[in-house]
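Visitor: FYI, the numbering for the sequence shown is 487 to 693, going by the working numbering.
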Amino acid sequence: MTSRDPKSLIRIARSNGAQAEAEPLDLGARVRELRKARDWTLEQAATKAGLARSTLSKIENGQMSPTYDALKKLAVGLQISVPQLFTPPQKDQINGRMTVTKSGDGSAHATATYEHELLADSLTKKKMLPYRARVRARSMDEFDGWVRHDGEEFLYVLTGVIRLFTEFYEPVEMRRGDSAYYDASMGHNVISVSDEDATILWVTSLS
């Protein structure tokens, strides 16, 4: 990469968290899962749905295909919509997942204008791409035009002084503790204006 190339960083993050091919839904297992999540017995769930206990048991064990009327009763009894019966649980949305990146342990990606360090690189299926960057550029002439990419972006100055250039706004000087949130499809570039290279935290949305 010869300049800041967030698209490459985003591709790296997305490839690390590539979605596995969807598995076919087992309706019986889905109904059983929904019932157990509510801590209901077969008898309780059947009563709430207005179905015979034997009918619900056969549905859960894949021994019969429910009619649409039975599906509607199930949905009402479980207090969900019919489409939700056929929506698999989000296995990738695990409560409490976490990763820690110690200082200097991020994945390095150097360019002519920035030194990027990808953070939380081991965590798959992220919705945000966090990375720390050392800003080496001192002039807009060092860039091959504007940087643009999908999503939104948050910038936070860690050390030094930067100047944020954007396509539709006047350049703004930012110091330690200053931050900006912007539409990343708008052209944008950052340069250091302090004697030392500035460092910033960037967080880019991946969806």
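C-beta atoms are modelled at their ideal positions from N, C-alpha and C, and glycine is treated no differently.
As the structure is a prediction and not an experimental result, all values here were calculated from the model.
When you compare only the Cα positions, how much space is there between ALA694 and LEU644?
Guide: Only positions 487 to 693 of the chain appear in this structure, which leaves residue 694 out of reach.
Visitor: My parser needs the alpha helix (DSSP H) runs of 4 or more residues fully inside the region 562 to 644; what are they?
Guide: 568 to 571
Visitor: In chain order, what residues of the same chain lie with their CB nearer than 7 Å to the CB of LEU557, ignoring the 5 residues before and after it?
Guide: Translated into the one-based positions of the sequence shown, residue 557 becomes position 71. Excluding sequence neighbours, LEU557 sits near VAL568, LEU571.
Visitor: Which residues in the same chain have their Cβ closer than 7 Å to the Cβ of ALA538, if we skip the five residues on either side of it in sequence?
Guide: In the sequence shown, residue 538 corresponds to position 52, counting from 1. Answer for ALA538: ALA532, listed in chain order.
Visitor: Do the CB positions of TYR642 and LEU609 come within less than 7 Å of each other?
Guide: Residue numbering aside, residue 642 sits at position 156 when the sequence shown is read from its first letter. Residue numbering aside, residue 609 sits at position 123 when the sequence shown is read from its first letter. Result no, Cβ atoms of TYR642 and LEU609 do not sit closer than 7 Å.
Visitor: Please name the residue in GLU653, LEU605, GLY592 whose C-alpha comes closest to that of VAL633.
Guide: The residue you call residue 633 lines up with position 147 of the sequence shown. With distances taken between Cα atoms, VAL633 lies closest to GLU653.
Visitor: Within 10 Å of its beta-carbon, does MET584 have 16 or more other beta-carbons around it, so buried, or fewer, so exposed?
Guide: Counting from one through the sequence shown, the residue named residue 584 turns up at place 98. Label assigned to MET584: exposed.
Visitor: According to DSSP, is GLY527 helix, strand or coil?
Guide: What you label residue 527 is simply residue 41 of the sequence shown in a count that begins at 1. It should be noted that the sequence gives Thr, not Gly, for residue 527. Three-state result, THR527: coil.
Visitor: From SER625 to HIS674, what does the alpha carbon distance come to, in whole angstroms?
Guide: As a working mapping, residue 625 is identified with position 139 in the sequence shown. As a working mapping, residue 674 is identified with position 188 in the sequence shown. Taking the straight line from one Cα to the other gives about 13 Å.
Visitor: From SER665 to SER593, what distance separates their C-alpha atoms?
Guide: On the sequence shown, residue 665 is found 179 positions in, with the first residue counted as 1. On the sequence shown, residue 593 is found 107 positions in, with the first residue counted as 1. Roughly 23 Å between the two C-alpha positions.
Visitor: From what residue to what residue does the alpha helix (DSSP H) around SER691 run?
Guide: Position 205 of the sequence shown, counted from the start, is the residue given in the question as residue 691. SER691 -> not in any alpha helix (DSSP H); beta strand (DSSP E) instead, spanning 684 to 691.
Visitor: Name the one or two DSSP bridge partners that ASN675 has.
Guide: Along the sequence shown, one-based indexing puts residue 675 at 189. Residue pairing by DSSP places ASN675 opposite PHE651 in a beta bridge.
Visitor: VAL647 to ALA670, Cα distance in whole Å?
Guide: Walking along the sequence shown from the start, residue 647 turns up at place 161. Walking along the sequence shown from the start, residue 670 turns up at place 184. If you take the alpha carbons of VAL647 and ALA670, they lie about 21 Å apart.
Visitor: On the criterion of 16 or more Cβ atoms from any shown chain inside 10 Å, does GLU507 qualify as buried, or is it exposed?
Guide: As a working mapping, residue 507 is identified with position 21 in the sequence shown. Annotation note: pLDDT 45 at GLU507 (below 50); position unreliable, no value reported.
Visitor: Pull up the distance between the alpha-carbon of THR553 and that of LYS559, whole angstroms please.
Guide: Residue numbering aside, residue 553 sits at position 67 when the sequence shown is read from its first letter. Residue numbering aside, residue 559 sits at position 73 when the sequence shown is read from its first letter. Computed Cα separation, rounded: 10 Å.
Visitor: Are the beta-carbon atoms of GLY637 and THR690 separated by less than 7 Å?
Guide: Taking the first residue of the sequence shown as 1, we reach residue 637 at position 151. Taking the first residue of the sequence shown as 1, we reach residue 690 at position 204. Cβ distance < 7 Å, so GLY637 and THR690 count as in contact.
Visitor: Just reading off the beta strand (DSSP E) that ARG661 is part of, what are its end residues?
Guide: Here residue 661 is taken as the residue at index 175 of the sequence shown, counted from 1. Per DSSP, ARG661 is one residue of the beta strand (DSSP E) stretching across 658 to 661.
Visitor: Do you know offhand how far ALA623's Cα is from SER589's?
Guide: The residue labelled residue 623 in the question sits at position 137 within the sequence shown. The residue labelled residue 589 in the question sits at position 103 within the sequence shown. About 23 Å.
Visitor: With a 10 Å radius around its C-beta and 16 neighbouring C-beta atoms as the bar for buried, classify SER551 as buried or exposed.
Guide: Locating residue 551 in the sequence shown gives position 65, counting from the first residue. Around the beta-carbon of SER551, fewer than 16 other beta-carbon atoms lie within 10 Å, marking it exposed.
Visitor: Is it right to say GLU682 is buried, meaning 16 or more other beta carbons lie within 10 angstroms of its own, or is it exposed?
Guide: Within the sequence shown, numbered from 1, the residue matching residue 682 stands at position 196. Counting C-beta atoms within 10 angstroms of its own C-beta, GLU682 has fewer than 16 neighbours from the protein chains shown and is therefore classed as exposed.
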